[in-house]
Amino acid sequence: MPLKGTYKDYYTAAQVKKALNITDGMLYNFIRNGDIEAVKLPGRKQSVYKREQVNELAQELKQFIPSRTTRTTTFVGATKEDLPVIIDISNALFGLGRSVTPLERRQAWLEKNPYTYHVLKQGNEIVGYVSLLPLRTGTEKIKRLLGDIIAVDITPDDIAGFQTGTHIDMYLMSIGVKPTTTLTEKHEYGSSIIRGLRRLLIEIGKKGVVIDTIAARSNTPDGIRLMRHFGFTEIEPVLPGTRSFIIHVQESGIPHIMEYKQALKESQTS
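Below is the structure:
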């Protein structure tokens, strides 16, 4: 029932989902992460949610929601020639200390699995990128990447191929958008990358590759907002000063994960 009187400062669950453009599963994820607080008010059986808190979250997520763009961009697999540009963008965003993985190691990852790097292009210019590390499930490397090792310690032998039936853990190493862009371009490029990632997951599912977990770390405000919008659950950090995120794919009801699982199911029955 609608909220009236003293309840005017709160939203119902239906109103929250409409305000944030999310599903039930994503609402529960935001509650579990502490982004939204479920409140029990006298005289109501269902929980309600603070209007101010929901509106603030809606503003945070707005920049990552896919929107109509006037720019033509393409999200494609990276080539070896693209890697130096990716490193330049990474250095500009995160500082030289962040980009410690040498070019040769990145090239070896790309040779082992061409899905490790994707770029967003406007025309012929690279304006953003995504770096993914597909690791064989059971090696515990995904847990260590959230804690005591860094990506440079991942060898080409650790990178899994995408053969049908392969089980992997996916580490989302980094996402970057060229920092010289305007704020509007930054939002549009971020949206394009999210759409590209969704299509990429479906493509991986069609190959019959079983993703068990997707994990990531981020300490930047933009990165944390991106993790939230993509549906990651924040977990207790392994190391102080880090923020860790994970998706357990088998139990996830996030819309784009459900799309991946449907593609995987169809690949197994075809």
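Note that my numbering has the sequence shown beginning at 132, numbered continuously upward.
In this text, a Cβ means the ideal position worked out from N, Cα and C, and glycines have one as well.
Take R329 and list the residues in its own chain whose beta-carbon comes closer than 6 angstroms to its own, dropping the five residues that flank it on each side. Position 198 of the sequence shown holds residue 329. Hits under 6 angstroms: H387.
On the three-pair Cβ rule with 8 angstroms, is the stretch 296-316 touching the stretch 330-349? Yes, the stretch 296-316 is in contact with the stretch 330-349.
K149 (DSSP reduced to helix, strand or coil): Position 18 of the sequence shown, counting from 1, holds the residue named residue 149. The three-state reading of DSSP puts K149 in helix, counting H, G and I together.
Could you check how far apart the C-beta atoms of E168 and Y180 are, in whole angstroms? I think they sit under 8 angstroms. Along the sequence shown, read from residue 1 onward, the residue named residue 168 stands at position 37. Along the sequence shown, read from residue 1 onward, the residue named residue 180 stands at position 49. Taking a contact as a CB-CB distance under 8 angstroms, the pair E168 and Y180 counts as one, their CB atoms being some 7 angstroms apart.
Measure the alpha-carbon distance for Y391 versus I335 and round it to whole angstroms. One-based indexing of the sequence shown puts residue 391 at position 260. One-based indexing of the sequence shown puts residue 335 at position 204. Taking the straight line joining both Cα atoms gives about 8 angstroms.
Whole angstroms are fine: how far does the CA of Y260 sit from the CA of I385? Start at 1 with the first residue of the sequence shown, and residue 385 comes out as number 254. Start at 1 with the first residue of the sequence shown, and residue 260 comes out as number 129. Rounded to the nearest angstrom, the two C-alpha atoms are 23 angstroms apart.
Below 8 angstroms on the Cβ atoms is my contact criterion, and I expect P215 with N244 to pass it. Report the Cβ-Cβ distance as a whole number of Å. For this step, residue 215 is matched to residue 84 along the sequence shown. For this step, residue 244 is matched to residue 113 along the sequence shown. With 8 angstroms as the limit, P215 and N244 do not qualify as a contact, their Cβ atoms being about 20 angstroms apart.
Should V163 be labelled buried (16 or more other beta-carbon atoms within 10 Å of its own) or exposed? Position 32 of the sequence shown, counting from 1, holds the residue named residue 163. According to the sequence as given, residue 163 is Arg; it is not Val. So R163 counts as exposed.
Beta-carbon gap between Y142 and V185 smaller than 7 angstroms: For the purposes of this step, residue 142 is taken as residue 11 along the sequence shown, with counting starting at 1. For the purposes of this step, residue 185 is taken as residue 54 along the sequence shown, with counting starting at 1. Yes; because the gap between Cβ atoms is below 7 angstroms, this pair is in contact.
Which of helix, strand or coil DSSP assigns to L332: Along the sequence shown, one-based indexing puts residue 332 at 201. The answer is helix: DSSP assigns L332 an H, G or I state.
Considering P265, what are the terminal residues of the beta strand (DSSP E) in which it resides? Here residue 265 corresponds to residue number 134 of the sequence shown, with the count starting at 1. Segment 256-267, the beta strand (DSSP E) holding P265.
For R236, the nearest candidate out of D300, T205, S262 (CA to CA): Your numbering for residue 236 matches position 105 in the sequence shown. The residue with the shortest Cα to Cα distance from R236 is S262.
Measure from the alpha carbon of E212 to the alpha carbon of each residue in A223, F225, F206, L234, then state which is nearest. In the sequence shown, counting from the first residue as 1, residue 212 sits at position 81. The shortest C-alpha separation from E212 is found at L234.
With a threshold of 7 angstroms on Cβ separation, who are the neighbours of P368 within its own chain once the five nearest residues in sequence on each side are excluded? Position 237 of the sequence shown, counting from 1, holds the residue named residue 368. If we look at P368 and ignore the five residues flanking it on each side, its Cβ neighbours are R374, S375.
Please report how far the alpha carbon of I299 lies from the alpha carbon of T268, in whole angstroms. Within the sequence shown, residue 299 is the residue found at index 168, counting from 1. Within the sequence shown, residue 268 is the residue found at index 137, counting from 1. Rounded to the nearest whole angstrom, the C-alpha separation of I299 and T268 is 5 angstroms.
Could you check the C-alpha separation between E242 and E382 for me, to the nearest Å? Locating residue 242 in the sequence shown gives position 111, counting from the first residue. Locating residue 382 in the sequence shown gives position 251, counting from the first residue. If you draw a straight line from the Cα of E242 to the Cα of E382, it is about 32 angstroms long.
Going by DSSP, what residue range makes up the beta strand (DSSP E) through D300? Sequence index remark: in the sequence shown, residue 300 carries index 169 (1-based). Counting along the chain, the beta strand (DSSP E) containing D300 begins and ends at 298-308.
Test item: CB-CB of L188 and D166 under 7 angstroms: Taking the sequence shown and counting its residues from 1, the one referred to as residue 188 is at position 57. Taking the sequence shown and counting its residues from 1, the one referred to as residue 166 is at position 35. Yes, they are a contact pair.
Give the secondary structure of I342 by DSSP, where H, G and I count as helix, E and B as strand, and everything else as coil. Stepping through the sequence shown from its first residue, residue 342 is reached at position 211. DSSP, reduced to helix, strand and coil, places I342 within a strand of the structure shown.
Answer yes or no: do S398 and K337 have a C-beta to C-beta separation smaller than 7 angstroms? Position 267 of the sequence shown holds residue 398. Position 206 of the sequence shown holds residue 337. Judged by their CB atoms, S398 and K337 are nearer to each other than the 7 angstroms cut-off.
Kindly indicate which three-state DSSP category S198 falls into: helix, strand or coil? What you label residue 198 is simply residue 67 of the sequence shown in a count that begins at 1. A caution first: S198 carries a pLDDT of 49, below 50, which makes its placement in the model too unreliable to give a value.
From the DSSP output, read off the bridge partner residues of R348. On the sequence shown, residue 348 is found 217 positions in, with the first residue counted as 1. The beta-bridge partner set that DSSP reports for R348 consists of S375.
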